[in-house]
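Protein chains in written order, with my numbering: chain A, 8 to 338; chain B, 8 to 338. Have a look at the structure below, then the notes.
Structure follows, in structure tokens:
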């Protein structure tokens with residue numbers, strides 16, 4: 008294992024200490040627990056949005072806590088859920104009188120802990136509503152069973168914008184739900200990653216192999232085989248997405264080409280170029296393109312392609328609202 | 008070689024096509040040459056700033072072309088200089104009546120071509136002035152012979168701010184020079200990268216080895232040896248930097264912890280935490296911390312640490328000015 012760390016056990020907390028020190032005055036932790044990550048900005052009467060998930064996916068999840076996006080994030084150990092108590096403590100800190108949206112990925116541990124936190128909040132009269140990202144088309148035919156991956160970024164943007172416009176909890180939820188309903192992702196890996204406390208990869212890929220559909224924790228995909236070209240990968244990925252959601256000629260999408268951590272930005276733009284050419288050939292317009300690292304798997308090489316179908320002008324306004332966090336800024 | 012590409016020969020131009028398509032209306036190319044990268048924004052009377060260098064370092068170099076930063080960038084093939092003609096064509100496009108600053112890295116090919124471009128410009132009455140980034144302390148004892156690496160970011164910020172405030176060419180140069188004079192970088196690699204048209208790494212490192220002082224094109228460093236901990240790496244790197252530039256207790260610096268491409272953001276924050284603890288122990292304040300991928304070497308794992316000593320309040324204003332490019336945004 009080749010990582011710049013002090014100890015494998017200290018990975019998450021050392022990272023958090025670095026983040027809090029680097030971004031003092033913007034983010035803080037509460038309840039004396041580094042894992043309770045909150046924005047320093049508070050707007051009375053705004054719906055608060057809380058996310059959470061395991062470490063190892065930066066800028067996901069905590070990286071989206073900031074202006075016009077999220078208010079708090081429960082930070083788990085590497086690839087593990089934060090605890091219900093942590094989520095509850097964060098919620099108490101960030102709720103500002105208008106309820107709290109729990110917006111996170113579709114993973115068993117996270118669901119269990121967010122649900123428990125919601126119950127604790129209900130007992131104190133704090134209203135919450137939950138929605139999970141579940142955009143990974145290849146992870147299941149059943150939409151309800153799909154894993155949440157990079158497409159959650161579009162849900163964060165939508166819900167964050169609506170909350171910043173002082174929408175009600177129902178309205179913030181509806182914006183997140185609309186983004187979710189219209190978003191699909193296909194991802195693939197070229198190399199594995201190493202969980203620090205494990206010390207070795209949990210799978211191997213040959214020097215000329217890729218894994219289509221692999222999850223961001225190394226969950227098995229739909230095929231392992233010869234590495235394809237950028238054009239071929241784009242073709243297959245868009246085929247998968249467009250057979251799952253109808254997007255006709257003349258419609259528009261937002262496009263996110265996301266790097267999993269170990270892949271160069273140069274390659275992401277090559278892939279984005281392939282995707283945009285194919286979409287253009289189908290008469291599908293790209294309203295806005297995002298390229299970079301949005302949801303990673305530490306040093307895993309690979310990428311994902313997310314499309315969000317734009318069904319109304321309001322979705323564009325949500326996409327275009329400037330946001331600013333220590334990890335992500337859109338002017 | 009495991010890369011998401013179409014052909015090794017098409018790497019640079021396929022990347023550029025993806026970038027122009029993704030960021031239409033923000034950046035464009037001129038003279039019918041994809042390698043002549045320019046901002047779409049023009050401000051009459053502003054000093055223009057042009058950079059350039061080889062492909063393989065995104066967001067360096069072209070990623071800093073945008074609002075309150077740079078105006079144009081000559082794009083070379085992987086690890087190669089852009090041509091003098093390309094730099095000249097970019098210069099003609101972006102110059103806005105007040106002269107042009109050439110600001111790039113200290114590499115032989117780049118110097119030759121920027122100097123030739125400057126001569127071509129002089130013949131047409133376009134005034135230029137040149138300054139090179141040369142911040143890599145371990146690359147030479149002679150400051151004039153040092154390679155330019157991630158620290159050029161601070162020069163871009165300084166010069167970009169001064170130009171946006173309508174400073175003269177002399178003033179823009181002076182801001183870049185002040186940033187240069189106060190900036191030092193130490194970098195190290197954990198894995199090599201692969202030039203697409205070569206197809207294999209140009210060096211190897213054992214599974215438990217790192218290379219201290221390695222350059223962003225794989226230039227040899229000062230030692231290869233056992234991988235150290237984040238704390239040890241920070242200690243050695245700061246020792247090197249602070250023996251080269253005097254920064255006393257009570258003084259302030261800007262800190263940049265930069266990932267070389269294949270290293271996770273989590274590790275960068277662990278390293279940043281180590282650096283900030285050591286600086287704090289020495290009584291050196293950190294005015295602002297930047298952590299992320301600022302100057303990469305494609306998929307190379309590793310990082311660099313840059314300090315810029317802050318010698319006056321004006322340097323803080325230059326650092327704090329919001330900037331926005333398709334690749335980098337600071338609110």
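Every residue gets a Cβ at the ideal spot worked out from N, C-alpha and C, and that includes glycine. The model shown is predicted, which means the values in this text are computed figures rather than measured ones.
Just to confirm my understanding: we take residue i, look at its own chain, exclude 5 residues before and 5 after, and list those with CB closer than 8 Å. What are they?
i	result
residue 283 of chain A	262, 293 and 296
residue 5 of chain B	Here chain B comprises residues numbered 8 to 338, so residue 5 of chain B is not present and cannot be evaluated.
residue 32 of chain A	47
residue 207 of chain A	8 and 201
residue 180 of chain B	108, 136, 138 and 166
Please state whether the Cβ-Cβ distance between residue i and residue j is less than 8 Å.
i	j	result
residue 136 of chain B	residue 77 of chain B	no
residue 299 of chain A	residue 272 of chain A	yes
residue 248 of chain A	residue 191 of chain A	yes
residue 117 of chain B	residue 146 of chain B	no
residue 174 of chain A	residue 330 of chain A	no
residue 193 of chain A	residue 244 of chain A	yes
residue 339 of chain B	residue 291 of chain B	Residue 339 of chain B lies beyond the stretch modelled for chain B, which goes from 8 to 338, so this question has no answer here.
residue 103 of chain B	residue 52 of chain B	yes
residue 57 of chain B	residue 69 of chain B	no
residue 285 of chain A	residue 64 of chain A	no
Return the chain-ordered list of same chain residues with a C-beta closer than 6 Å to the C-beta of residue i, the five sequence neighbours on each side being excluded.
i	result
residue 268 of chain A	303, 304, 305, 306 and 307
residue 337 of chain A	329 and 330
residue 333 of chain A	30 and 33
residue 209 of chain B	225
For chain A, is any of its Cβ atoms less than 8 Å away from the one on residue i?
i	result
residue 65 of chain B	yes
residue 28 of chain B	yes
residue 337 of chain B	yes
residue 339 of chain B	No answer is possible for residue 339 of chain B: it lies beyond the span of chain B, which begins at 8 and ends at 338.
residue 119 of chain B	no
residue 283 of chain B	yes
residue 269 of chain B	yes
residue 24 of chain B	yes
residue 280 of chain B	yes
residue 305 of chain B	yes
residue 77 of chain B	no
residue 298 of chain B	yes
residue 234 of chain B	yes
residue 308 of chain B	yes
residue 331 of chain B	yes
In angstroms with no decimal places, state the Cα-to-Cα distance between residue i and residue j.
i	j	result
residue 12 of chain B	residue 18 of chain B	7 Å
residue 178 of chain A	residue 108 of chain A	10 Å
residue 289 of chain A	residue 252 of chain A	14 Å
residue 86 of chain B	residue 126 of chain B	24 Å
residue 114 of chain B	residue 281 of chain B	31 Å
residue 301 of chain A	residue 25 of chain A	20 Å
residue 313 of chain B	residue 310 of chain A	29 Å
residue 15 of chain B	residue 324 of chain B	43 Å
residue 155 of chain B	residue 111 of chain B	8 Å
residue 23 of chain A	residue 277 of chain B	8 Å
residue 327 of chain B	residue 152 of chain A	45 Å
residue 169 of chain B	residue 183 of chain B	9 Å
residue 133 of chain A	residue 105 of chain A	9 Å
residue 164 of chain A	residue 50 of chain B	32 Å
residue 143 of chain A	residue 316 of chain B	46 Å
residue 101 of chain A	residue 71 of chain A	15 Å
residue 246 of chain B	residue 270 of chain B	23 Å
residue 162 of chain B	residue 187 of chain B	6 Å
residue 6 of chain B	residue 159 of chain B	Outside the displayed range of chain B (8 to 338) lies residue 6 of chain B, so it cannot be described from this structure.
Would you verify that the beta carbon of residue i is, or is not, closer than 8 Å to some beta carbon of chain B?
i	result
residue 313 of chain A	no
residue 238 of chain A	yes
residue 171 of chain A	no
residue 21 of chain A	yes
residue 58 of chain A	no
residue 424 of chain A	With chain A covering only 8 through 338, there is no way to say anything about residue 424 of chain A.
residue 272 of chain A	yes
Might you give, ordered along the chain, the residues of its own chain that have their beta carbon closer than 7 Å to the beta carbon of residue i, omitting 5 neighbours on each side?
i	result
residue 124 of chain A	91, 94, 95 and 98
residue 218 of chain A	195, 196, 212, 228 and 231
residue 237 of chain B	277, 278 and 281
residue 256 of chain B	289, 290 and 291
Starting from the beta carbon of residue i, find every residue of chain D whose beta carbon is closer than 9 Å, and list them in chain order.
i	result
residue 320 of chain A	In the structure shown, chain D cannot be found, because the protein chains are A and B.
Would you list, in sequence order, the uninterrupted alpha helix (DSSP H) runs of no fewer than 4 residues that lie entirely inside the stretch 69–144 of chain A?
91–101 and 115–130
Go through the stretch 216–242 of chain B residue by residue and report every complete run of the beta strand (DSSP E) that reaches 3 residues or more, in order.
216–219 and 230–233
Completely contained beta strand (DSSP E) runs for the stretch 257–312 of chain B, where each covers 3 or more residues:
259–266 and 292–299
Could you pull out every unbroken beta strand (DSSP E) segment of at least 3 residues lying fully inside the stretch 14–50 of chain B, listed in chain order?
34–36 and 43–46
At 4 residues or longer, and completely inside the stretch 150–221 of chain B: list those alpha helix (DSSP H) runs for me, N to C.
159–171 and 176–189
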